[in-house]
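Okay, structure first, notes after.
Protein chains: 2
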Amino acid sequence: MTTSHAVEANTESDAPPASPSHGSGGLIIRQREPRNLEFPFDRLDSYLTPVESFYVRSHFHAPELQRDSYRLSVEGAVKNPLSITYEELRRLPAKTVVATLECAGNGRIFLIPQRSGAQWELGAVGNAEWTGVPLATLLNRASPGGNAREVVLEGADRGAAPEQPGPPGQISYSRSLSLDKALDDVLIAYAMNGVDLPQDHGFPVRAIVPGHYGMASVKWLTRIRVLDEQFQGYWQTTDYGYWDEVDGIPVRRPLSDIKLKSAIARPRTLEVIPGGQLYNVYGAAWTGAADVVAVEVTTDGGRTWAAAKFVDPIRPNAWRRWSYDWKTPERPGRLTLMSRATDAAGASQPDTFDERYHSYVIHHTLPIEVVVR
Amino acid sequence: MTTSHAVEANTESDAPPASPSHGSGGLIIRQREPRNLEFPFDRLDSYLTPVESFYVRSHFHAPELQRDSYRLSVEGAVKNPLSITYEELRRLPAKTVVATLECAGNGRIFLIPQRSGAQWELGAVGNAEWTGVPLATLLNRASPGGNAREVVLEGADRGAAPEQPGPPGQISYSRSLSLDKALDDVLIAYAMNGVDLPQDHGFPVRAIVPGHYGMASVKWLTRIRVLDEQFQGYWQTTDYGYWDEVDGIPVRRPLSDIKLKSAIARPRTLEVIPGGQLYNVYGAAWTGAADVVAVEVTTDGGRTWAAAKFVDPIRPNAWRRWSYDWKTPERPGRLTLMSRATDAAGASQPDTFDERYHSYVIHHTLPIEVVVR
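Here the protein sequences line up with chains A and H, keeping their order. Take the first sequence: its position 156, counted from the start at 1, is 1170 in the numbering used here, and no numbers get skipped. Take the second sequence: its position 310, counted from the start at 1, is 1324 in the numbering used here, and no numbers get skipped.
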C-alpha cells in the first residue's frame, strides 16, 4: 500500500476534461430488462420532454412489431368488428394533444419501508405532444352494443405475471377504461413530439389516456375489446389496484386518475448550495383532475411557504413548470425543501402518503434534503 | 380535454431558466432508509470524489454516535485489551492514504434477470483521501496472542438480517479480516478529504480496508475483536459471500478483493450524441490487485478496440481516470460502447459476468448504449 500525506497537485482539484462535444438525453436505469428507465428529473428544462429523455416503463420484453404486418382489431360487444392496418390508421383524421404521463409508482423510493416494484425517484414522468386517431373514431365505426360498458386495451407484450395472485402461464398487458372515457379523449397514437413512436414507447401504436396514470396508456396496442361487464384483469386487480372502502368493507379498485402533484427538479437530493445567494428552485406540477393554479415552496421543512411563479400556461392534463427564487441562508446546515400544488377546486397536495395505495399514487409533498455551505 | 394542433411558441423549445446559481453534489436515491445513495457517475470530473458526492451504502439506520462518549475497544484474543476515546485516537500518529471504495454490488442493474439488493448502476464507487490511525498501531498495543488468526471489525449499526438464512433478532454489521491484512494497511479513519467523517460515512470512526470491496470498510466502528478461529458472521456467509470450489465441491467464501474494472462515465446510457464530431469518452478504472496499466474502448459493440489515455498516475488501490476522443460516425444509429481495463499482471476484464458471485463482483465489460443522431 502506497501512502501519501498529500495528493499531488496535478490530480487534486482539476477541471473537467476539455470535451469537444457532449450529447443530450440519457436515462437512469432502474431495471435493465424489461427496460425501466427514469428521466433524470434534475435536467428538466423544456415544456415538452425530449423523446430520448422520456421515461420508459415496461412490464415485459418490448415486442418488435412491424409496420407492414401490424393490425389493430376492435372486437367484442360491437356490431361491426374491425381490423385495420397501420396505413389505414395513418390515413384517418388525426388529432394532436399535449399530455403528461406519470407512472403510478413514480416517487416510490420515498416510501419507508421500501415497497416492491421499480424504485422510481422523481423522473417517471414526462410531458409530450401525442398525435393519433381518437379512439372514439374507431369505436364509432365498430358501433358498441347497447349494453357495452368497458373497453379493454391490449398490448402485444406478454410474459409471466410478476406478482401474486397471478394467473398461470403468460399474460398480455391489458387495461380497461369505462366506455365514457374511451369515447371522450383517448388517442390511438403513432407519433410523439412529431416523430414516429420509438420502440420503447410502443411502436407502432399506443394508447394515450390523458389524465390517467401511465399504466392506462397501453403500448404496442394490437387489440381493443368492448365488454358488457367490468374487466377483472391482472393489471387492475392484483397490480395497479388499491383498497377503497364501501360501508366499512375494503374493496379493490383499479387505479385511474393522476392525483395532484408537484415535484422539485432542482435542487437535487443532497445538492450542496452556496449560502447567502439567490438559488432558482425549479420544478413542475400536474394533475389529472382540475387545473393546477398554485404552487408553494418551503425551504424550512414546512414551517413557512412562499408562492412559486408558473413558467407554463394552464393546459388540461399537461404539466406546468414553476420557478422560485430562494435567498439561501448565510448559515451552513441541512435544510428540507418541499413543494405543494393547489388545484382550481381548492385541493392541495397532502402532507403524507395514503397507505391505501400501498406502493402507488405517491403524490404527497416530497422532502428534498439539501446542504447549505 | 383541450386539444391543440401545435404547441404555442412560448412553451415549445425554451431555454433553461436563468439560474442565479446552482450547487454541486447531489446523489441518486436507490433506497431512502437505510440510506443507499449513488454518485451520478456521469458527473465524474475530479480525482477525489467530493464528500457530498460520495456514494452511501448503509445496511441499517445510521447510528448517531457522539464524539465525547465514543469508545473503541480492542478485545478478544489479545494480551492487553484496550478501550480508547475519540480524543486518544486523534492524538495517535496518523497516516493519510488515497483509496477507491466500491460497493461489491456496484453495477447490479446490468444483471439479467434482476437480482435482489440495491439496484446500483455505475456510481457505487468513489475515490477519497482517508486519514486515521493504522489498525496495526492499535493491534500492536493490544498484542494479539500466538494463535490469533482473524480480526473482526464491528459497527454500531444494528437491525434484523435482511436475507435468509439469517439469525433471529438483531445483528450488528460485522466483518472479519485476516490478521495479516489487518496488520498491513488497514486504517482506522476519522477524516475524509481532510474533513471529519460525515454521519453517512461512519462518524466518528470507520475502517478503511484498501483494495477490498466497500463492505470491509466497516462504518461507525466501535469494536475490534481478535479471534483464534475463522469468523462465520452473517455478513460473510449469507451475505457478501460467493461460491468457490474445492475439488469439485462448492464452498462458501467471503468476498474480499476489488476485481479489475473500468467504467464509462460519459456518454450516459441512451445519451444522444451528434454524428461526425469528436466526442470525449471519459471514465475511470480501478482494482484491488495489480496496478491498472491500460484501458481500451470499443464504440462498435466489441468488434474493435482503441487505447484510452490515462488522466491520473498509478497509485495502488486508487482509481485512474481515462479519456478517449471518439470520432462519432456520420450515420445515425444505436451503438454500444464498452471499456476494458488491463492490469500489470496482464489480466483483462472478462466479457461476461461470473455467476458464482450471484449478485456481486460485477466487473465484466458493461455495455453503454447510445444514440447517434
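Where a beta carbon is used, it is the ideal one built from N, C-alpha and C, also for glycine. Note that the coordinates shown come from a computational prediction; the quantities given were computed from them, not determined experimentally.
Flag this pair as yes or no: are the beta carbons of residue i and residue j separated by less than 8 Å?
i: H/Tyr1296; j: H/Thr1342; result: no
i: H/Thr1114; j: H/Ala1205; result: no
i: H/Trp1234; j: H/Asp1194; result: no
i: H/Leu1079; j: H/Val1088; result: no
i: A/Val1240; j: A/Gly1169; result: no
i: H/Gln1388; j: H/Arg1354; result: Lying outside 1015 to 1387, the shown extent of chain H, residue 1388 of chain H is not represented and no answer is given.
i: A/Arg1345; j: A/Ala1299; result: no
i: H/Asp1271; j: H/Gly1225; result: yes
i: A/Tyr1227; j: A/Glu1116; result: yes
i: H/Val1092; j: H/Pro1158; result: yes
i: H/Gly1121; j: H/Phe1053; result: no
i: A/Val1325; j: A/Trp1336; result: yes
i: A/Gly1063; j: H/Gly1040; result: A small correction: the amino acid at residue 1063 of chain A is Thr; Gly does not occupy that position in the sequence shown. No.
Which word fits residue i, buried or exposed, when buried means at least 16 other C-beta atoms lie within 10 angstroms of its C-beta?
i: H/Val1209; result: exposed
i: H/Glu1102; result: exposed
i: A/Asn1094; result: exposed
i: H/Ile1042; result: buried
i: A/Asp1365; result: exposed
i: H/Ala1321; result: exposed
i: H/Glu1066; result: buried
i: A/Glu1259; result: exposed
i: A/Asn1154; result: exposed
i: A/Gly1090; result: buried
i: A/Ile1328; result: exposed
Using only alpha-carbon positions, find the residue among the options that is nearest to residue i.
i: A/Ala1359; options: A/Ser1276, A/Ala1303, A/Arg1387, A/Ile1382; result: A/Ala1303
i: A/Gly1347; options: A/Ser1231, A/Trp1319, A/Pro1158, A/Glu1285; result: A/Glu1285
i: A/Gly1119; options: A/Arg1071, A/Glu1089, A/Arg1085; result: A/Arg1071
i: A/Thr1313; options: A/Arg1105, A/Ile1042, A/Ile1382, A/Ser1276; result: A/Ile1382
i: H/Arg1266; options: H/Gln1250, H/Gly1037, H/Ala1279, H/Arg1129; result: H/Gln1250
i: H/Tyr1248; options: H/Asn1154, H/Tyr1187, H/Leu1136; result: H/Tyr1187
i: A/Leu1149; options: A/Pro1281, A/Val1375, A/Ser1276, A/Val1200; result: A/Val1200
i: H/Glu1135; options: H/Tyr1371, H/Tyr1069, H/Gly1255, H/Gln1291; result: H/Tyr1069
i: H/Leu1349; options: H/Val1309, H/Asp1214, H/Gly1289; result: H/Gly1289
i: H/Arg1081; options: H/Phe1217, H/Arg1057, H/Pro1179, H/Asn1154; result: H/Phe1217
i: A/Lys1275; options: A/Ala1332, A/Val1223, A/Ala1196, A/Arg1237; result: A/Ala1332
i: H/Val1223; options: H/Leu1106, H/Leu1197, H/Gln1213, H/Asp1242; result: H/Leu1197
i: H/Asp1242; options: H/Ser1190, H/Pro1054, H/Gln1291; result: H/Ser1190
i: A/Ala1162; options: A/Ile1238, A/Gln1184, A/Arg1104, A/Gly1121; result: A/Ile1238
i: A/Ala1108; options: A/Val1147, A/Arg1317, A/Val1375, A/Gln1213; result: A/Val1147
i: H/Gln1244; options: H/Ala1156, H/Leu1086, H/Ser1192; result: H/Ser1192
i: H/Arg1085; options: H/Asp1326, H/Pro1182, H/Ile1202; result: H/Ile1202
i: A/Glu1465; options: A/Pro1176, A/Ala1277, A/Arg1046; result: Summary: the structure shown does not reach residue 1465 of chain A, with chain A confined to residues 1015 through 1387, and so no result is reported for it.
i: H/Gln1213; options: H/Tyr1061, H/Arg1046, H/His1075; result: H/His1075
i: H/Tyr1061; options: H/Asn1207, H/Thr1318, H/Ala1308; result: H/Asn1207
In angstroms with no decimal places, state the Cα-to-Cα distance between residue i and residue j.
i: H/Pro1330; j: H/Asp1305; result: 6 Å
i: A/Ala1174; j: A/Trp1257; result: 24 Å
i: A/Ser1373; j: A/Pro1048; result: 19 Å
i: H/Val1165; j: H/Val1386; result: 52 Å
i: H/Ser1083; j: A/Glu1143; result: 60 Å
i: A/Met1352; j: A/Ser1038; result: 28 Å
i: H/Ala1279; j: A/Ala1279; result: 22 Å
i: H/His1073; j: H/His1215; result: 12 Å
i: A/Ala1230; j: A/Ala1221; result: 8 Å
i: H/Arg1044; j: H/Ile1123; result: 11 Å
i: A/Pro1030; j: H/Asp1059; result: Low confidence applies here, because A/Pro1030 scores a pLDDT of 42, under 50, leaving its location unreliable; read the following figure in that light. C-alpha separation (whole angstroms): 5 Å.
i: H/Asp1056; j: A/Thr1379; result: 28 Å
i: A/Gly1180; j: A/Gln1246; result: 12 Å
i: H/Thr1151; j: A/Gly1131; result: 47 Å
i: A/Ala1361; j: A/Leu1125; result: 23 Å
i: A/Val1111; j: A/Gly1160; result: 30 Å
i: A/Phe1367; j: A/Val1375; result: 8 Å
i: H/Gln1291; j: H/Tyr1338; result: 13 Å
i: A/His1377; j: H/Arg1104; result: 47 Å
i: H/Leu1167; j: H/Pro1077; result: 16 Å
i: A/Leu1211; j: H/Asp1357; result: 44 Å
i: H/Val1219; j: H/Leu1051; result: 20 Å
i: A/Ala1138; j: H/Ile1098; result: 49 Å
i: H/Ile1263; j: H/Arg1046; result: 39 Å
Report the start-end ranges of each alpha helix (DSSP H) in the segment 1209 to 1255 of chain A that is 4 residues or longer and not cut off at the edges.
1248 to 1251
Counting only runs that start and end within the segment 1243 to 1329 of chain A, where is the alpha helix (DSSP H) found for 4 or more residues in a row?
1248 to 1251
Whole runs of the beta strand (DSSP E) within the segment 1042 to 1091 of chain H, excluding any shorter than 3 residues
1042 to 1045, 1050 to 1052, 1085 to 1090
At 4 residues or longer, and completely inside the segment 1140 to 1212 of chain A: list those alpha helix (DSSP H) runs for me, N to C.
1149 to 1156, 1193 to 1198
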